[in-house]
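Before any comments, here is the structure.
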Amino acid sequence: MLRKSSLACVYGFLLSLPCLPAIAQSKPVLNIPHTDQSIEIDGEFDEALWQDALDISLDIVNSPYDNSPAPVKTMAKIIENGKFIYVAFDARDPNPELIQAALGDRDTKWFDDLVGLRIDTLNKRRNSYNFFVNALGVQNDEIYDEINQEPNDLWDGIWHSYGKITEKGYQVEIAIPFSILNFEQSSDIKTWPFELMRSFPRDIGLRLSHVPLDRDNNCWVCQYPAGSGFKEAEIGKNITLTPALVLSNEQRRDIYDSQDDWHSNEDYQASLDLRWGITPSSLLNVTINPDFSTVESDAGQLDINETFSLFYDEKRPFFIENSEYFSSPLDLVYTRNIADPDYGAKVTGSQGQHNYGVFISHDNQTNFILSGNLSSRVASIDAQSHSSALRYRYDATDELTVGAISTLRTADDYHNYVFGVDSSYRFSTSDLITAQWLVSETQYPDDLFEQFCSTDCQLNEQVIRSNKKDEFTDNAFNINYIRDTEYWQFTASHESFGENFKADLGFIPKSDYTKDSGSIKRRFYNDDYSGFWQDMAISGHWNIQHNDNGEFIAKEISSKLVFDGPLLSLFDLTYMVAERVGLRSDSTTLAIDDNTERFTEHQFNLYSKFRPTNRTFFSLDATLGDKIDYDNNRLGDYYKVTANATWNITNHIELDIYHTISELDADNARVYLANLTDLRFTYHFDVYSYLKLGMVYSDVDRNPHNNPNGFYTEQEKVLETQLIYAYKLNPQTALYLGYSDSSYQDDYLVDLEREKRTFFAKFSYAWQP
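Just so you know, we're using our numbering here: the sequence shown kicks off at 367 and counts up by one.
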């Protein structure tokens, strides 16, 4: 059974565990008191309401210790009044000066001293709401999908909290409105599994709880006691109207024309979002003329010598809320593909054993990933499109689920339809199997291939795969087995994507390939928790890939050693040997056998992180070895190092910097040297407002004398800056004022030249009648 150890994640005691419904267990029932009173959330416990609350002591350490007595005292209180669940924590600390906490934006302080509540309001042991607050009141929340073992920490509910550090530790008050929770509507007493939890990160990270957890049972949520009560829980009107206004002034110029002046484009957009809880277990979201742009820029990523599309997190509230209702074993709903919609509507809900979700949107652009087995690219159609997704899951028993999913995208002369069925079955507390089968039908515009053409439209993988004159169909299949016990973990999986299978609303960067893989892991525990390490694991992994015709693509074998140590440190060392094919010699065909050369890569990777003080954090991710130079079809000497340093100079000031350097040499000469720096300097006035300066700088130098197959400038530099002030009373009531610009330099420019600058403001207000 999977043990929530600091190996899995040093701070994993803050996150949900990858557990699924298991054999029903008899657990104590805790009666949650009801009151007619309400309180002000101020971190003080002087209201009469708290005298009637249920007192719970968090006196157990269940990670990394095996249900040992807690070294610090934590008292919690819980009560509800039909509109809110109120929770209070008195977290004592003999050394308050060591408390790890700083002001920050929402969902950025998972590693701090935290307290919180995990609760399953549908009582299915499949999804849980997780609410955590650091010692200074910064909120962190998520919804955990137990079936697919994925947290959705991008979800943001509107709830209330306050935290403050005292001479004896810190105090936190939380108020969670029933209106943001999904639960079965009734006037009966309800039983909802829950856990109250505290993280205590010092030299090692301790997870404190009131629940003893069995290492030999990988479903932790299944072990939670039920809270009984909530008879008068109601969502009220549960309507939120959020009007928003976006003002912008974008200026551009031709940086290659010294006489060209700035050209301005002023714009304003008004929008309206509706959130309506039709019942406590079903939700309607509608957005009209939305501004779906992300306010803050994405983190920088190097895409040099990469053959497949990069993944970016979704940040837009309409798509984030209840997105877990659309999850399935394969990532079929990747909403970053929807670029510029002018409306959207979504219904999600649960009724008994039935769970469902459906959304539609109209997009002014049509973007999708054109997948292949050796590379993928983003394709764009200059036409408006409709996108929709439908998901249904039936929870047949505590151990068995079956589901169906469909995604649809349509535009002029284009469509992509996907339909599939899936199932998960847990046949013991240690063994889980999941499977999914899909079929797709696709029609491309006749001229789609032209955007992937080079000189004289020479054939390549993208041109061939996009040059389809007729409708085409194909299948995909995935099956995965995992056996997870206290000391051992075994996995085996098979996935197959047909040559013509496309899932254009999803993130499926590969098609025309099959992959078989397996792994084995052995865990070790330092029972007396003395010495340099607490938990340790060694593991091995193997996979082999072929195309749809059985032609070899890649084979990889790796071994890994992971252990955690003092100063909240983690060390992860991996050695990998891989045999892969390079470029096709004849690009006019998709054949691989006798059309590619095989290369053998040897790579070492080290990832480590630690917190030397309660205000500093460092991490290092380094890879050294061989890597294919995909532009020139040869093996090169490669290294890539990413270092991160975070310094909370005070509770209000934070400096966060990432730097990546990567170099590839081949034939005794440099191919490229790339540097990427991502710096964020933030002043937090309080938990609601901040001023942030962001800078992302990339510098790529290529050797023109050692890139015989590539046509690049010798140097390419990009600098993007952003200054933004934000005041966020809650996730939907917010004010943003900002400025951003972008500068570029290549062989034809002497210096960095600013080519774009934007002034913008965004106002939104969540009105709840």
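C-beta atoms are modelled at their ideal positions from N, C-alpha and C, and glycine is treated no differently. All values reported here derive from a predicted model rather than from experimental measurement.
Comparing alpha-carbon positions, the option among Pro695, Glu616, Gly643 lying closest to Leu798 turns out to be Pro695. For the beta strand (DSSP E) assignment, the uninterrupted runs of no fewer than 3 residues enclosed by the segment 429-471 are, from N- to C-terminal side, 440-446, 450-458. Given a length threshold of 4 residues, each whole run of the alpha helix (DSSP H) inside the segment 752-836 is given here in chain order: 827-832. Annotated three-state conformation of Glu561 is strand, per DSSP.
In the DSSP assignment, Glu632 is bridged to Asn615.
Contact annotation: Gln828 and Phe838 have beta-carbon atoms that are not nearer than 7 Å.
Assignment of Phe596 by DSSP, reduced to helix, strand and coil, places it in the coil class. Residue nearest to Arg581 within the set Glu852, His629, Thr955, Thr1099 is Glu852 (criterion: CA-CA distance). For Phe549, there is no enclosing beta strand (DSSP E), since its DSSP letter is neither H nor E. Closest in alpha carbon position to Trp558, among Asn493, Leu574, Lys681, is Asn493. In the assembly as shown, Leu1059 is an exposed residue. Its beta-carbon has fewer than 16 other beta-carbons within 10 Å.
Distance between Pro978 and Ser754, taken at the CA atoms: about 48 Å.
Boundaries of the alpha helix (DSSP H) harbouring Phe684: 683-686, taken from the DSSP string.
Pairing Ser1130 with Val612, the inter-Cα distance amounts to about 9 Å. The beta carbon of Asn1072 is closer than 6 Å to those of Ala1035, Val1037 in its chain, skipping five residues each way along the sequence.
Boundaries of the beta strand (DSSP E) around Ala1127: 1119-1130. When only Cα atoms are considered, Leu424 and Phe566 end up about 12 Å apart. One alpha carbon belongs to Gly769, the other to Leu936, and they sit about 38 Å apart. Apart from the 5 residues on each side of it in sequence, His907 sits with its Cβ closer than 6 Å to the Cβ of Ser885, Ser924 in its chain, given in chain order. For His860, the enclosing beta strand (DSSP E) starts and ends at 854-863.
In the structure shown, the three-state DSSP call for His1071 is helix.
Only buried fits Trp586, as 16 or more other CB atoms lie within 10 angstroms of its CB. By the C-beta criterion, the segment 759-779 is judged to be in contact with the segment 799-815, since at least 3 inter-stretch pairs fall below 8 Å.
Residues of the same chain with a CB within less than 6 Å of the CB of Asn1017, apart from the 5 flanking positions on each side, are Ala468, Leu469 in chain order.
Going by DSSP, Arg1046 is part of the beta strand (DSSP E) stretching over 1035-1050. The alpha-carbon of Ile445 is positioned some 10 Å away from that of Gly593.
Sequence-distant Cβ neighbours of Pro1070 in its own chain, meaning closer than 8 Å and more than five residues away, are Tyr1078, Glu1080. Note that the C-beta distance between Thr653 and Phe684 is below 7 Å. Look at the beta carbons and you see the segment 567-574 not touching the segment 778-791: under three pairs across the two are nearer than 8 Å.
Comparing C-alpha distances from Arg682 to each of Phe560, Ile555, Asn518, Gly1002 shows the shortest one belongs to Asn518.
The segment 595-615 makes no contact with the segment 862-869; the number of CB pairs closer than 8 Å stays below 3. Scanning Trp854, Tyr996, Lys530 for the CA closest to the CA of Lys887 turns up Trp854. The Cβ atoms of Thr1043 and Tyr1056 lie no closer than 7 Å to each other. Where Ser575 is concerned, the enclosing beta strand (DSSP E) starts and stops at 571-575. In chain order, Thr732, Ala777, Asp778 place their CB closer than 6 Å to the CB of Ala749, counting only its own chain and leaving out the 5 sequence neighbours on each side. Distance between Asn1010 and Asp938, taken at the CA atoms: about 16 Å.
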